[in-house]
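> Have a look at the structure that comes next, please.
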Amino acid sequence: KYYSKQELREELLKETYGLCCYCEIELQNNPNVAIVEHVQPKLGIINQHLIFDYSNLSISCKGGEKDPRPKELHCDSSKGSTPIPISIFDSRIEEEIKYSIDGKIKGTTVDANKTIEILNLNIKKLNNLRRNTVFGLIFSDLGNTVLISEKDALSLYNKIVLNKGHEYYSSVISSLKTIMKTDSNNM
C-alpha cells in the first residue's frame, strides 16, 4: 500500500500509540512535531533497500530542534545518520535499557549505553519530563515523599499496560515495578 506522508505519519503514530519511538514524548500528526524515522539510517548506497521498507520506519519527535538556545538535540536530531546498536525493534531493548524513578535512563550493556548516547536520551530536559511524570503517579503526597501502596501500584500498572499510549511509558512501568518489588517475569 502507498501512503502520503501525512497518512504514513498517521499509521506510524497508531503503531507507537502516539509516542516518539525513542523518548516517548506524546506526538501529533504534524510535520513540525513528528517526523518519519528511518530506524536504520539511509546511508547512501548502503541502506538504499531500506528507504521505503515499512518495517524500518517509525515516528520520532524533532528532538529539540525547535527548543530555544542552548539546544540539546535528542532522538533523530541527535542520531542523524549514525546507526544505533540496539534498534527500537530489537527484543534486547527492554532488558538492556532501564529507567530509574528519578527519570534517568541507564544501559546495562555497552550497546545499550551507546544507543542512549547516540540518541542523547539522558539530557536534563528528558530526565526532568520523565521524573515529573513518574512522580505525579507514584507519590501520594504533594511533597513527593510518600509512595503509593503496592496495591495502588499494581492497579495503575495494569491500567497503563492496557493503554500503551501513556507518555514516558517505559519509565512509568519501570518505576511501578520498583514499587511492587516485582520483576517483569512475574507480570
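First residue of the sequence shown? That's 1 in the working numbering, and the numbers climb one at a time after it. Yeah, the Cβ is synthetic: ideal placement off N, Cα and C, and Gly gets one too.
1. Shortest alpha-carbon distance to residue 60 belongs to which of 21, 4 and 122?
2. Helix, strand or coil: how does DSSP classify residue 36 here?
3. Along the chain, where does the beta strand (DSSP E) containing residue 97 start, and where does it finish?
4. Nearest by alpha-carbon distance to residue 8: which of 168, 72, 132 and 31 is it?
5. Can you look up residue 14 in the DSSP assignment and give me helix, strand or coil?
6. Counting only the same chain and skipping the five closest in sequence on each side, list residues whose C-beta sits under 7 Å from that of residue 172.
7. Taking all protein chains shown into account, do 16 or more other C-beta atoms lie within 10 angstroms of the C-beta of residue 146, making it buried, or fewer, making it exposed?
8. Just list the beta strand (DSSP E) runs in the region 138–165, keeping only unbroken ones of 3 residues or longer that don't cross its boundaries, in chain order.
9. How about residue 168 and residue 11: do their beta carbons lie closer than 8 Å?
10. Excluding the five sequence neighbours on either side, which residues of its own chain have a C-beta within less than 7 Å of the C-beta of residue 154, listed in chain order?
11. For residue 175 versus residue 101, is the C-beta distance shorter than 8 Å?
12. Taking only beta-carbon positions, decide if residue 25 is within less than 8 Å of chain B.
13. Which residues mark the beginning and the end of the alpha helix (DSSP H) in which residue 57 is found?
14. Going by CA-CA distance only, name the one from 26, 51 and 58 that's closest to residue 15.
15. Hey, would you say residue 117 sits closer than 8 Å to residue 109, going by beta carbons?
With the given structure in hand:
1. Here residue 60 refers to the residue found at position 60 when the sequence shown is read from its first residue. Of the listed residues, the one whose Cα sits closest to residue 60 is 21.
2. Along the sequence shown, read from residue 1 onward, the residue named residue 36 stands at position 36. DSSP places residue 36 in strand when its eight states are reduced to three.
3. On the sequence shown, residue 97 is found 97 positions in, with the first residue counted as 1. Where residue 97 is concerned, the enclosing beta strand (DSSP E) stretches over 97–99.
4. Walking along the sequence shown from the start, residue 8 turns up at place 8. Comparing Cα-Cα distances from residue 8 to each of 168, 72, 132 and 31, the minimum goes to 31.
5. By 1-based counting over the sequence shown, the position of residue 14 is 14. In this structure, residue 14 counts as helix in the three-state DSSP scheme.
6. By 1-based counting over the sequence shown, the position of residue 172 is 172. 133, 134, 137, 160 and 166, listed in sequence order.
7. Residue mapping note: residue 146 aligns to position 146 of the sequence shown, counting from 1. So residue 146 ends up on the exposed side.
8. none
9. Counting from one through the sequence shown, the residue named residue 168 turns up at place 168. Counting from one through the sequence shown, the residue named residue 11 turns up at place 11. Result no, Cβ atoms of residue 168 and residue 11 do not sit closer than 8 Å.
10. The sequence position of residue 154 within the sequence shown is 154, counting from 1. Excluding positions up to five away in sequence, the list reads 180.
11. Sequence index remark: in the sequence shown, residue 175 carries index 175 (1-based). Sequence index remark: in the sequence shown, residue 101 carries index 101 (1-based). In this structure, residue 101 lies closer than 8 Å to residue 175 by Cβ.
12. Among the protein chains of the structure shown there is no chain B, as only one such chain exists.
13. Position 57 of the sequence shown, counted from the start, is the residue given in the question as residue 57. No alpha helix (DSSP H) holds residue 57; the beta strand (DSSP E) holding it covers 57–61.
14. Counting from 1 along the sequence shown, the entry for residue 15 is found at position 15. Minimum Cα distance to residue 15 is reached at 58.
15. For this step, residue 117 is matched to residue 117 along the sequence shown. For this step, residue 109 is matched to residue 109 along the sequence shown. The criterion of a C-beta distance shorter than 8 Å is not satisfied by residue 117 and residue 109.
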